[in-house]
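The next block holds one structure in the form of structure tokens; read it before the comments.
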Amino acid sequence: MSVKHVAMLMGGFSSERPVSLSSGNACADALEAEGYKVTRVDVDHDVATVLAELKPDVAFNALHGPFGEDGTIQGLLEFLQIPYTHSGVLASALAMDKAQAKIVAKAAGIPVAEQRLMNRFDFTSAHPLTPPYVVKPVREGSSFGVVMVKEDQSHPPQIITSEEWRYGDAVMVERYVYGRELTCGVMGDVALGVTEVVPQGHAFYDYDSKYVKGGSKHIIPAQISPNIYQKVQTLALKAHQAIGCRGVSRSDFRYDDRFSENGELIWLEINTQPGMTPTSLVPEMAVHAGHSFGEFLSWMVEDASCLR
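Using UniProt numbering, you'd call the opening residue of the sequence shown number 1 and step up by one each time.
Printed below as a string of structure tokens:
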């Protein structure tokens with residue numbers, strides 16, 4: 001496929017709009033430097049009309065969160081027959097639903113933490129799991145709505161049942177896994193390097209750790225034993241394939257090496273629309289593997305397709 005004109009889908013109307021605008025503008029600038037014509041599209045409810053008039057060769061999906069990475073925009077692009085980057089309809093919808101993605105990952109032999117799927121209004125004065133545990137909205141990205149419950153907490157978090165909660169009624173309660181935060185990208189059918197993410201001044205890799213300058217430190221390659229490093233890469237590729245991803249994805253892990261080097265390695269989730277600024281995790285991994293940011297994005301554009 002000879003691609004000349006790329007529509008950069010960015011912005012949108014999820015809570016992750018600012019992240020998407022940042023990713024989209026960075027990608028558009030880099031692709032223009034590589035010689036592509038790029039039209040920046042701030043996605044709104046008229047996006048189908050806009051794209052039908054633009055007639056781009058490829059849509060680069062730089063959207064994050066619901067609508068952008070849950071299979072919705074992917075279905076629209078299939079309907080319009082515009083080749084697009086990242087995963088297709090089914091893989092996007094599946095990966096966005098953390099509970100369903102874990103079922104598929106576990107069936108593929110990937111180690112996951114014990115969990116309970118609950119309605120948030122079923123939280124009572126009793127803990128649903130023995131603390132410590134984590135409560136996660138089932139269909140949100142960028143750690144929005146993640147609540148940590150510590151060992152000494154006497155009752156479940158009240159925010160879950162309050163009117164302030166805006167992340168849907170379905171929540172996943174998951175055993176808290178101690179240890180280090182590891183992440184690994186996949187590019188096509190190749191696992192990239194493993195990065196350790198060290199939050200700076202945060203209890204875990206939350207929204208600010210991810211996107212606020214100085215919120216986290218990225219160590220690539222992660223300073224772990226070769227066998228654990230290779231295991232993370234193997235599991236990231238296995239998750240990418242089991243969930244049916246294409247293009248680029250990123251799997252996140254916890255690695256508890258407090259008691260032994262082999263320790264416990266747990267897969268947390270897969271992200272089909274990872275951040276795409278030059279300092280984001282997956283572009284850093286691509287650079288570590290020898291691809292410049294522009295070359296990496298060009299590969300994604302040339303890899304775009306429908307019905308795959």
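Glycine included, every Cβ here is placed at the ideal spot set by N, Cα and C.
Source: prediction; values computed, not measured.
If you look at TYR133, you'll find it in the beta strand (DSSP E) that goes 133 to 137.
Taken through DSSP and simplified to helix, strand or coil, MET96 comes out as helix. One Cα belongs to THR183, the other to TRP267, and the distance between them is close to 9 Å. Cβ-Cβ distances below 7 Å link GLY193 to ILE220, PRO221, MET285, HIS288 and ALA289 in the same chain, with the five nearest sequence neighbours on each side left out; the list follows chain order. In the structure shown, ALA62 adopts coil according to DSSP, grouped into three states.
For PRO221, there is no enclosing beta strand (DSSP E), as DSSP marks it with neither H nor E. Contact between ALA101 and LYS238 does not hold, since their C-beta atoms are separated by about 13 Å, which reaches or exceeds 8 Å.
Runs of the alpha helix (DSSP H) lying entirely within the segment 263 to 305 and spanning at least 4 residues, in chain order: 281 to 288 and 293 to 303. In terms of Cα proximity to ILE103, the closest of ARG180, ILE243 and SER22 is ILE243.
Assignment of alpha helix (DSSP H) within the segment 16 to 68, counting only whole runs of 4 or more residues, yields 17 to 33 and 47 to 54 in chain order. With respect to GLY68, SER22 sits apart: the two C-beta atoms are not nearer than 8 Å. For the pair of segments examined, the segment 271 to 280 was found to touch the segment 20 to 36: the number of CB pairs separated by less than 8 Å reaches three. Put simply, of LEU63, LEU265 and ASP46 the residue whose alpha carbon is nearest the alpha carbon of CYS27 is LEU63. DSSP places GLU181 in the uninterrupted beta strand (DSSP E) bounded by 180 to 187. Close CB contacts of GLY294 within its chain, under the 8 Å cut and outside five residues either way in sequence, are with ALA30, LEU31, ALA33 and GLU34 (chain order).
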